[in-house]
């Protein structure tokens with residue numbers, strides 16, 4: 331999974347019918363300090379994530395292994411909202427502190 | 331999914347038989363300002379997108395999860411035409427305004 | 331799918347048995363002008379493409395969705411020979427003219 | 331599979347329900363000398379790997395082929411802890427010596 | 331498939347149980363001249379390849395379409411040992427000559 335921050339939303343009215351009801355989130359990849367780094371991707375939301383939250387997203391066929399994305403033409407899904415992470419014993423991000 | 335602009339079309343008469351009837355679109359990836367950025371890809375069209383439109387495309391096995399691409403050797407599909415997107419609360423693209 | 335030119339062939343006698351009879355083509359990725367750009371890949375041939383032809387190839391599990399590659403350890407397949415493509419209304423490539 | 335070092339852990343309480351009980355590891359890719367090189371990824375742990383260990387991870391649908399990740403929205407899994415590797419006959423890494 | 335040279339081997343005793351008996355090879359990607367170029371990957375061996383040999387490997391779900399890797403958390407497999415390849419009519423590599 332890739333670590334990213336939800337930075338926006340996207341709206342589409344004309345789409346493959348099975349995508350109806352899915353929310354599209356714009357994700358900015360971040361580094362282990364939580365800073366923007368790398369590209370962005372548009373992902374379906376399986377966990378009611380909001381703008382500003384740090385999340386994990388899964389890509390490829392794994393993006394269809396959620397209740398909301400099963401059998402849909404979706405190749406990226408936010409499947410976890412991140413509470414915190416540690417690197418080499420140091421807390422690098424803790425939700426609520428670094429937002 | 332990846333954000334892209336439809337910039338062209340491609341024709342092939344000699345192809346895997348199951349691909350008959352699919353339309354190939356040439357997509358240019360764009361950044362969050364809607365400007366060309368990154369590479370291009372050729373995708374099948376599942377939503378009757380036209381040249382000049384901003385779209386989302388899905389890759390890999392997810393590209394086969396549409397009525398038009400099911401069980402076909404297709405690894406990229408346009409599955410949504412984009413109406414608008416917002417980043418950090420600002421509307422960055424709105425169909426009809428920025429075209 | 332990715333646009334590429336067939337630039338060569340590859341022979342292997344010792345391989346997974348299911349690959350017997352498949353032809354391996356060496357593909358050079360090209361840009362929208364048809365010029366070599368980016369990397370190369372080795373793909374199975376599903377459409378009897380020849381050296382010098384512009385083709386599309388599909389990657390990943392989609393590369394197994396042809397009659398010739400079904401259930402085989404093949405992650406790239408040439409599934410279309412390109413006749414022509416247009417970008418922003420201009421014909422950028424037409425088979426027979428640009429070869 | 332990709333060679334990486336476990337450098338941290340990540341916690342998420344709000345996630346796709348099927349992910350409950352999986353441990354998330356932060357992996358730093360390494361080169362053949364075992365030095366950090368390239369990006370990082372967050373992977374599920376299928377082999378009880380610990381911080382500091384050299385591991386292999388598998389991506390994509392293959393990341394779901396473990397007892398712990400089957401049918402889950404998981405696109406990267408640690409499926410082996412590395413004991414040692416050799417390049418051109420030289421031992422480049424041996425667990426316990428280079429940690 | 332990607333062209334690579336087998337440059338080493340890797341040993342893991344603690345791994346997903348289904349991986350028992352598979353041999354891990356370290357592969358260095360090569361260019362069309364057979365010279366090291368690009369990254370490396372660790373792949374399972376389906377064709378009894380040895381260090382120094384030029385091979386093709388398949389990635390993703392296609393890496394599980396061999397007798398040895400079926401249903402295993404393996405995302406890269408050596409599925410062919412290369413005898414020779416030609417580019418634009420010139421033999422660029424022939425086994426036994428260039429090793």
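Chains as they are written, first to last, in the working numbering: chain A, 331 to 429; chain B, 331 to 429; chain C, 331 to 429; chain D, 331 to 429; chain E, 331 to 429.
Beta carbons are placed, not taken as given, at the ideal position from N, Cα and C, and that holds for glycine.
Please compile the residues from chain B whose C-beta is within a distance smaller than 7 Å of the C-beta of residue 409 of chain C. 345, 346, 349, 403
Establish whether the CB of residue 355 of chain B and some CB of chain A are separated by less than 7 Å. no
If you drop the 5 nearest sequence neighbours on each side, which residues of the same chain put their C-beta closer than 6 Å to that of residue 368 of chain B? 359
Give the residues of chain A in contact with residue 371 of chain B, contact being defined as C-beta atoms less than 9 Å apart. In chain order: nothing, as chain A lies at least about 13 Å away.
I want to see whether chain E comes within less than 7 Å of residue 446 of chain D, judged by CB atoms only; does it? Because chain D in this structure spans residues 331 to 429, residue 446 of chain D falls outside the shown range and cannot be described.
Excluding five sequence neighbours on each side, which residues of the same chain lie with their C-beta closer than 7 Å to the C-beta of residue 429 of chain A? Any reading at residue 429 of chain A needs caution, since the residue's pLDDT is 49, under 50, leaving its predicted position unreliable; the model's value is listed next. Answer for residue 429 of chain A: 382, listed in chain order.
Per-residue DSSP class, three states only, for residue 398 of chain D: coil
Taking residue 347 of chain C as the reference, which of E:409, E:405, E:331, E:365 has the closest Cα? E:409
At the 7 Å Cβ level, is residue 386 of chain C part of the contact set with chain E, yes or no? no
So with Cβ pairs under 7 Å, would you call residue 427 of chain B a contact of chain G? Although the question refers to chain G, the structure presented lacks it and instead comprises the protein chains A, B, C, D and E.
DSSP state of residue 343 of chain A, grouped into three classes? coil
Excluding the 5 residues flanking residue 416 of chain B on each side, which residues of the same chain have their C-beta closer than 7 Å to its C-beta? 422
Reduced DSSP category for residue 409 of chain C - H, G, I as helix; E, B as strand; rest coil: strand
Any Cβ of chain C within less than 7 Å of the Cβ of residue 390 of chain E? yes
Alpha carbon of residue 331 of chain D to alpha carbon of residue 404 of chain C, nearest angstrom: 17 Å
Contact set for residue 397 of chain B: own chain, Cβ-Cβ below 8 Å, skip 5 residues either direction: 376
Nearest CA to the CA of residue 363 of chain B: which residue from A:334, A:356, A:395? A:356
Should residue 401 of chain B and residue 395 of chain C be called a contact, given that it needs their Cβ atoms to be closer than 7 Å? yes
Beta carbon of residue 427 of chain E nearer than 7 Å to that of residue 372 of chain C: no
Check residue 363 of chain A in the structure and name its three-state DSSP category. coil
Does the ligand FMN have even one heavy atom less than 6 Å from the beta-carbon of residue 414 of chain A? In the structure on display, the ligand FMN does not appear, and there are no ligands present to speak of.
In chain order, what residues of the same chain have a beta carbon less than 7 Å from the beta carbon of residue 414 of chain D, not counting five sequence neighbours either side? 421, 423, 424, 425
Please report how far the alpha carbon of residue 388 of chain A lies from the alpha carbon of residue 365 of chain A, in whole angstroms. 19 Å
Would you tell me roughly how many angstroms separate the C-alpha atoms of residue 338 of chain D and residue 385 of chain D, rounded to the nearest one? 13 Å
If we ignore side chains and look at the alpha-carbon of each, how far apart do residue 411 of chain C and residue 344 of chain B end up? 6 Å
Min CB distance residue 377 of chain B to chain C below 7 Å: no
Of the residues D:399, D:335, D:361, the one placed nearest residue 350 of chain D, counting alpha carbons only: D:399
Pair within 7 Å by beta-carbon distance, residue 390 of chain D and residue 390 of chain E: yes
Residue range of the beta strand (DSSP E) that residue 416 of chain C falls in? 414–417
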